[in-house]
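Asker: Take this structure, written in structure tokens, and hold onto it; I'll ask about it next.
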Amino acid sequence: MENNKKPILIAGPCSAETREQVLAIAEHIKDLDLAYFRAGIWKPRTRPDAFEGVGKIGLDWLKEVQQNYGLKTTVEVATTQHVEEALKSGVDALWIGARTTVNPFSVQEIADALQGVNIPVLVKNPVNPDTKLWIGAVERISKAGIKDIMAIHRGFSVYEVKKYRNEPQWQIPVDFMKEFPDMPIICDPSHIGGDRKYIQEISQKALDLNFDGLMIETHITPDKAWSDAGQQVTPEQLKEILSKLIIRNLAPKGAPMGELEDLRIKMNRLDNELLEILKKRMQISEKIGAYKKKNNMVIFQKDFYEDSLQKNVKNAVENYNLKGKFASDLYKLIHQESINIQEQVMNKPTE
Ligand code: PEP
Ligand code: MN
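Each residue of the sequence shown is one higher than the last, beginning at 4 in my numbering.
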């Protein structure tokens, strides 16, 4: 986000359910300066007996939203037929859902249906944490001639039960931003959190990471919603969430940048020291590899590894003020690289 830029806001129900529900939500959020009013009418559900959307009748309700409230609308499309019906009905933007982005055949089908059409397309990340698949989907849509593309980060499926419904894995959208620095990226805290109580914290985190906007599922009676009930908020809750967001600047006017420069220089210096130390550590790994080779020992010594992992993490937490998880992840990564180096030494043919 550029300095002082207001976040792009997309809101509306997970699913359009009835004409009255759609219009009531639009009535309550019409003054929020929305980029788009969202509503799913074809719903990709995990199980076949769940509510699969009202279908194209919902397009008529969205037309009323445009006409009565002057709002722009967006729907999810997953097939050529969806694209054609949405375009015919004059929807303002299309979005590609996570379960579609995951499949290059489906994305290509949508891209083919969009050849020569001028409409904004929003591309959600795939359900699995695969940055390239997300990038590939954007490239397919872009090659179809679509100029106005935004990305939506909605988190990634994980098997274990975690705090959030879909793990944000923030490094992935950050990598995506590096690939497409000029493309707006929106965060969908509703699908990441899976529970309305997390929307505030996830939205704030996204803005702090320089996301350009938010897509928040909003319903007039969320607990009675036909899909994603627990994660939708009322229009009043949406307004409260927005009012509590802190919008930070990239480079605040008048802030002493010199101070930040100093800190960055210090940090760079320490990064170099870390690299020096790592280099020395890897040189020792080479020597250990040579010793083990000479004495015909296996590389991985489980007891020694577990003992030093435990000691290092304890030391990091107790004496260096570092978090246990961070210390443990870091040590495991360094240890793995040490094993790789020892393997190279071990398997190098002797002259
Ligand atoms: C949705 O936005 O309602 C939806 C189905 O999202 P996702 O594709 O992120 O699961
Ligand atoms: Mn939903």
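The beta-carbon is built from N, C-alpha and C at its ideal position, and this holds for glycine as well.
1) By Cβ distance, which residues of its chain are closer than 7 Å to Glu170, with the 5 residues on each side in sequence left out?
2) Specify whether the stretch 235–249 and the stretch 200–213 touch according to this definition: at least 3 beta carbon pairs, one from each stretch, less than 8 Å apart.
3) According to the Cβ coordinates, are Ala29 and Leu12 closer than 8 Å?
4) I'd like to confirm the pairing. Which residues does DSSP put opposite Ser341 in its beta bridges?
5) Spatial neighbours of Val348 within its chain, please: C-beta separation below 7 Å, excluding the five flanking residues on both sides.
6) Excluding sequence positions up to five away, which residues of its chain have a Cβ less than 8 Å from the Cβ of Phe179?
7) Leaving out five residues before and five after Gln118 in sequence, what residues of the same chain have Cβ atoms less than 7 Å from its Cβ?
8) Starting from Glu87, trace the beta strand (DSSP E) both ways and give me its first and last residue.
9) Less than 8 Å between the beta carbons of Met285 and Ser341, yes or no?
10) Spell out the partners DSSP gives Ser193 in its beta bridges.
11) Below 8 Å CB to CB, which residues in the same chain sit around Asn275 once its five sequence neighbours on both sides are set aside?
12) How about the stretch 106–123 and the stretch 63–74: do they share at least three Cβ pairs that are nearer than 8 Å?
13) Does at least one heavy atom of the ligand PEP sit under 7 Å from the Cβ of Arg102?
14) Roughly how many whole angstroms lie between the Cα atoms of Pro192 and Cys17?
15) Could you work out which residue in Gly100, Asp265, Asn343, Val25 is closest to His194 when comparing CA atoms only?
16) Go through the residues and name those whose CB comes closer than 5 Å to any heavy atom of the ligand MN, in chain order.
17) Quick one: which unbroken alpha helix (DSSP H) runs of 4-plus residues sit fully inside the stretch 110–186? Chain order, please.
18) Give the DSSP-derived three-state secondary structure of Ser331 in the structure shown.
Answerer: With the structure as the only source:
1) Gly158, Phe159, Val161
2) yes
3) no
4) Partner(s): none; Ser341 has no beta bridge.
5) Glu289, Gly292, Ala293, Lys296
6) Asn128, Thr134, Trp137, Ile138, Ala154, His156, Ile188
7) Ala147, Gly148
8) Run containing Glu87: none in the beta strand (DSSP E); it sits in the alpha helix (DSSP H), 83–92.
9) yes
10) Bridge partners of Ser193: none, in fact.
11) none
12) no
13) yes
14) 13 Å
15) Gly100
16) Cys17, Asp231
17) 134–146, 174–182
18) helix
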